[in-house]
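Q: First the structure, which I've put down as structure tokens, then a few questions once you've had a look.
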Amino acid sequence: MPTLYIASTETFVGKSAVCMGLLHRMQQDGHTVGYMKPLSVQAQAGEEQDTALIKQTFHLPAAIADMAPVLMTPSMIEGILHGNRISYVEQVQQAFATVASGTDIMIVEGSNSWAEGALIGLSAPRVIEMLNATSLLVSRYRGLHTVDIILSVKRYLPDQFAGVLLNQVEPPHVDYVRREIVPFLEREGIPVLGVLPQDRLLSSVSVADLAEHLNAQFIGDKAWYSKPVESLMIGAMNSEAGLSFFRRRPRKAVITGGDRVDLQLVALETDTSVLVLSGNMGPMIKVIERAEDRQIPILVVAEDTLTTVEKAEQLFGKVRFHQPAKFDRFIGMMNAGFDFMRLYSILEITPHP
Amino acid sequence: MLEAIFAPRSVAVVGASPNPARLGHQVLKNVITNGYQGAVYAIHPTATSILDTPTYASVLDVPESLDLAVLVIPVEQVLDVVEQCGQKGVQGLVVITAGFKEVGREGKQREQQLLARVQHYGMRMVGPNCLGIIDTLSKLNASFAGLMPNAGEMAFMSQSGALCTAILDWSKGGGLGFSRFVSLGNKADVDEVTLLEAWGDDPYSKVILAYLEGINDGTRFMQVARHTTRKTPVIAIKSGTTSAGTRAASSHTGSLTGSESAYEAAFRQSGILRAESMQELFDLAMAFAYQPPLQGNKIAIVTNAGGPGIIATDAIERTGILQMADLTQDTIRSLQAGLPATANCFNPIDIIGDARSDRYRIALQAALADPNVDAVLVLFTPQAASDTDVTAQLIAELAEASPKPVLTSFMGAVSLTNARRILNDNRIPNYHFPERAVQALAGMARHTHWRNQPEPEYAAFAVDRERVQQLFAQVREAGRVELGELEAREVMLAYGLRLPQSELARSPEEAVTLANRIGYPIVMKISSPDILHKSDVGGVKVGLKDAGEVRDMYELIEYRARKYSPNARIWGVLIQEQARKGRELLVGVNRDPQFGALVAVGMGGIYVEVLKDVAFNLAPISRQEAAAQIRSIRTYPLLRGVRGEPPADVAYIEEVLLRVSQLVQDFPEIVEMDINPLVVYNKGEGAMVLDARIILAS
């Protein structure tokens, strides 16, 4: 039974998304696919969120505790420092056997970096070897240096290297990557299975994410919770300059003082996904009504504008992949830009009718 | 067209009350006690007679026909009463009742229902939420204002009801009179545009005054105002234009106000005179109402004191539009013959402190007769020898006999009470200080200049509109609002503007290939949608001479961009033909929510933020407006050429403005655009767009 290990060299390259894309297509092609995430790094013990979402989305029968058997928490590391020796390797092997039984392909989501998990014997090369897996590297294209990283990863890997998926390529680079980078990597013996462009929706956060993260009071229709927020803008200028400023970006969150009625109104005239009012000052009724007309939710937060911006910025670029709209979008992109047939032939499997 | 409101044959006050403390009582009292000659009815559910006026339970019960209904009733009853008015055949409504748009959503819906009913019956309505209207010709005071103004020739509209009562009170003291006086309220039906249209043809209104907080339809406002101001001067004061004022206005009205620059351009391009203060509004209005039109801009001063004469001369020079008249030889000789030897017989004509009315007669007569003089400003300071009242009377007589405007500044207070009354009774605009009189003359001159302008001409260039349509569709498709540099270039080319060759390189080798093709020297610029100020991050380099330099610079530029903006999306580096040096201008567009595309032109370069030397016009821009626009920047002399420099191609700058105007008219989705720099070459050599940004509405 083929096992595909999804590897990456850094966080937030879209690993979970790629796993979901693979699961979706492989199920469609008639396979019984299993999913496992051997190592999860978490702040505290508790159910692994991505795994729970994947289990639910793809109706997988295995227990979450088996699909995500090892949670590396600070207290677990502390235990090891104090001499606590448990064989996590064995734990993973047992869990894998349970999850894999009855499947004809296993998708294994790797750790966040090459070395993560080394402390407990679960670094990427060790797990690949242990599960006798074929690896697929998901790499975020960040310019020409990316080529170097991909080559170095290949050197560390045993022979079973399926290839690379270049993700989040800036649209103006796509044709250059296809013309120059892809042929080079192929010549170096690295199959390039896909080139997927950067997508604003996929890197956005939802209004709900933002509201939760900012611990904000929500004003508006709950249906607007799912609006995507692609960027942040701060409103602190005069309103005339504000209009020009806010027009520059679509689908943004505008953070401004609760007393800046002029800027609030200006922001509502432009493509704004959510208005965030700082200083614990709620909006005046006419702002609320205008926001309702424009179907824009308002968040009221207690902190001042700068603190709010700092908090909100933490959220961007680190967003988990758990909105239906994003899922559909990414599935579409995978189908268009990823060569499943080539992957199948590398894994020596054929689609079931 | 608003006869039913301003000169109705009959009026019903709905909500008239027997209780003197109620607003409805006050309104009825105003209607019947100020000389209105038509039939008046009170509408009250139970009373049989209020203030001796025939009283009915409903407008439907009034036996005669009704032209106007004034509504002072609880807001819940308004819709039903308006329905009855429609059935009754009432043509005009003044709705004083509040509780509509100004109170939020529910009120807004109510106002829409109200308007729908008014329109269904073809009625016209002032209000709701207003003070009412006053017409001194039909002597109708359908308001709750405490006073009836004097009759006069100023028509006044105001968006603030409270300001109306203050002005009425003040005008009574100053002896000013109005023809019509309207509190616009929420402007659901009759708004500033309706009144500008109606009053432009009103023989009883020599000048139109407006206090505005916002404008319903900016484009229509300008169309109508352009037409009206050719016939009747319009003076407006617009509040909420400073940054703090805008904030105050937003908090007050809960609505977005247009930008100061847009209002300035809208007023200027439609011939509306802008008053900066209430005082200036009435100073100017008085001159138009009392005096004949000014035919030119040459002013003569007659004074009995040297100091004020010099102050007035300075003020005239400072206006930028008025000039001191050069008196003819004949005038000077006749002044020399009639005045004492110590008098100054040149302009300003100083008839010396001991002057009595006879010297004023000689000087004023001579000045008015001089063909080089278009208006005379008479200054008076009370002196021991002065025969103040006689002088005032004399000035009034001479002014009456002349087709030229005469304005006065009788400076002082206690000894001038009587003289001021004489001047005002004789329709001589008098001001406490000469500068205010000069301001008023300048306003008159601006109006004359406007009226004498030829009809505007608009250009229409052959352009590739479809190409721009395609590009914009492509940008929208990608979920973007900002055009990439290459897309913006294509838009410029499609509208006939010239640009240097430019292509995007995504690697050092590609940069060299492109540079070889374009030819050296080369300009390189970082291409990133997230880096706005490219030179600040070291992302721009000019004058690269060969392939080696281009290759190294590619790496350096990309490295700097990644270092200074780690999160920016980097698309590559633009390889551009290096344009010849010239004078750098900027052309910008900012779409104002009320008035549409505002096109700016000014000196460009790195000092632009500091100098703020920019002139605005709203699109569509006529040929005359484009010519005036570029000439109105402070640094225009630099374009004409200094110290032997050849002049720049100003005609081509005008063409760029007209092409940009056409572009933003063709594509209302363009909300922001910046051409910076536009490098302008010498006369006959055109100009080149080096960088352009375009943002679309999403």
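Residue numbers (this note's numbering), protein chains in the order written: chain A, 1 to 353; chain B, 1001 to 1698.
Cβ coordinates follow ideal geometry from the N, Cα and C atoms, glycine included.
Counting only beta-carbon atoms, is G1104/B nearer than 8 angstroms to chain A?
A: Yes - at least one Cβ of chain A is within 8 angstroms of the one on G1104/B.
Q: Which of helix, strand or coil does DSSP assign to G1161/B?
A: G1161/B falls in the helix class under three-state DSSP.
Q: Would you mind telling me which residues of chain B sit closer than 8 angstroms to P172/A, beta carbon to beta carbon, in chain order?
A: The answer, in chain order, is G1484, L1504, R1506, S1527, W1571, G1572.
Q: Is N1424/B close to chain A, meaning its C-beta is less than 8 angstroms from at least one C-beta of that chain?
A: Not an interface residue.
Q: At what residues does the alpha helix (DSSP H) containing E1509/B begin and finish?
A: Unbroken alpha helix (DSSP H) run through E1509/B: 1508-1518.
Q: Kindly give me the distance between the Cβ atoms of V127/A and P38/A, rounded to whole angstroms, as I take these residues to be in contact under 8 angstroms.
A: Indeed, because the Cβ distance is near 5 angstroms, the residues count as touching under 8 angstroms.
Q: Quick check: the Cα distance between Y1636/B and I1630/B, rounded to an integer number of angstroms?
A: Each residue's alpha carbon lies about 7 angstroms from the other.
Q: Using only the alpha-carbon positions, how far apart do A1289/B and S278/A sit?
A: If you take the alpha carbons of A1289/B and S278/A, they lie about 52 angstroms apart.
Q: From what residue to what residue does the beta strand (DSSP E) around I1670/B run?
A: Counting along the chain, the beta strand (DSSP E) containing I1670/B begins and ends at 1670-1680.
Q: Could you tell me the alpha carbon to alpha carbon distance between I1633/B and A1615/B, rounded to whole angstroms?
A: Cα to Cα, the separation comes out at about 6 angstroms.
Q: Mark Q360/A as exposed unless 16 or more other C-beta atoms lie within 10 angstroms of its C-beta, in which case mark it buried.
A: One cannot answer for residue 360/A here, as it falls past the ends of chain A, which runs 1 to 353.
Q: With 16 as the cutoff for other CB atoms within 10 Å, does P1203/B come out buried or exposed?
A: Answer is exposed; the Cβ neighbour count stays below 16.
Q: What residues from chain B crowd round G143/A, counting only those whose CB sits closer than 8 angstroms?
A: Going along chain B in sequence order, the residues near G143/A (Cβ under 8 angstroms) are E1558, R1562, I1570.
Q: In its own chain, which residues sit with a C-beta less than 7 angstroms from the C-beta of V1224/B, not counting the 5 before and 5 after it?
A: These residues qualify, in order along the chain: V1193, L1196, E1197.
Q: Where does Y344/A sit, in a helix, a strand or coil, going by DSSP?
A: Residue state, collapsed to three classes: helix.
Q: Pop quiz: I1237/B and Y1211/B are said to be a contact at Cβ under 8 angstroms. What is the actual Cβ separation, rounded to whole angstroms?
A: Contact flag correct, Cβ pair sits at about 5 angstroms.
Q: Going by the beta-carbon positions, is the gap between V229/A and R248/A smaller than 8 angstroms?
A: No.
Q: DSSP state of I1362/B, grouped into three classes?
A: Helix.
Q: Under 8 angstroms by Cβ, that's how I've got L1483/B and V1491/B pegged, so tell me the actual separation to the nearest angstrom.
A: At roughly 7 angstroms, the Cβ-Cβ gap stays under 8 angstroms, so L1483/B and V1491/B are in contact.
Q: List the residues of chain A that N1590/B touches, going by C-beta distances under 7 angstroms, in chain order.
A: By Cβ distance, chain A contributes S244.
Q: Report the neighbours of P250/A on chain B: residues whose CB is nearer than 8 angstroms to its CB, in chain order.
A: Ordered by position in chain B, the residues that pass the 8 angstroms Cβ test against P250/A are G1479, R1480, V1481, S1698.
Q: Between the Cα of Q1578/B and the Cα atoms of E1509/B, D1691/B, N1617/B, I1428/B, which residue gives the shortest distance?
A: Among E1509/B, D1691/B, N1617/B, I1428/B, the Cα nearest to that of Q1578/B belongs to D1691/B.
Q: Locate the alpha helix (DSSP H) running through T1313/B, then write down its first and last residues.
A: Where T1313/B is concerned, the enclosing alpha helix (DSSP H) stretches over 1306-1318.
Q: Whose CA, out of G332/A, Q323/A, R342/A, G34/A, lies closest to the CA of V205/A?
A: Selected option, being the one with the closest Cα: Q323/A.
Q: Which partner residues of G1132/B appear in the DSSP bridge assignment?
A: In the DSSP output, where bridge partners are listed per residue, G1132/B has S1143/B.
Q: Quick one: is the Cβ of Q1087/B within less than 7 angstroms of any heavy atom of the ligand SAM?
A: The ligand content of the structure shown is nil, which means the ligand SAM is not present either.
Q: Cβ atoms of I1299/B and H1449/B: under 8 angstroms apart, would you say?
A: No.
Q: Could you tell me if L22/A is buried or exposed, where buried requires 16 or more neighbouring beta carbons within 10 angstroms of its beta carbon?
A: Classification for L22/A: buried.
Q: Report the neighbours of I285/A on chain B: residues whose CB is nearer than 7 angstroms to its CB, in chain order.
A: Chain B residues near I285/A: G1104.
Q: Are the beta-carbon atoms of Q1084/B and D1067/B separated by less than 8 angstroms?
A: No, the pair does not count as a contact, with Cβ atoms beyond the cut-off.
Q: Quick check on the burial criterion: 16 or more other C-beta atoms within 10 angstroms. Buried or exposed for R1333/B?
A: R1333/B should be labelled exposed.
Q: Suppose only complete runs of 4+ residues qualify. What are the alpha helix (DSSP H) ranges in the region 240-308 of chain A, listed by chain order?
A: Listed in chain order, they are 261-269, 285-293.
Q: For the region 179-211 of chain A, which residues have a CB atom closer than 8 angstroms to at least one CB atom of chain B, in sequence order?
A: If the cut-off is 8 angstroms between Cβ atoms, the region 179-211 of chain A has E180, Q198, R200, L201 near chain B.
Q: Does chain A have any CB closer than 8 angstroms to the CB of G1096/B?
A: First, the amino acid is wrong: residue 1096/B is Ile here, not Gly. No, I1096/B lies away from the interface with chain A (no Cβ there is under 8 angstroms from its Cβ).
Q: Give a yes or no on whether the minimum CB-CB distance between R140/A and chain B is below 8 angstroms.
A: Chain B, which has no Cβ nearer than 8 angstroms to the Cβ of R140/A, makes this no.
Q: For M1125/B, count the other beta carbons within 10 Å of its own beta carbon; 16 or more makes it buried, fewer makes it exposed. Which is it?
A: M1125/B is buried by the Cβ-count criterion.
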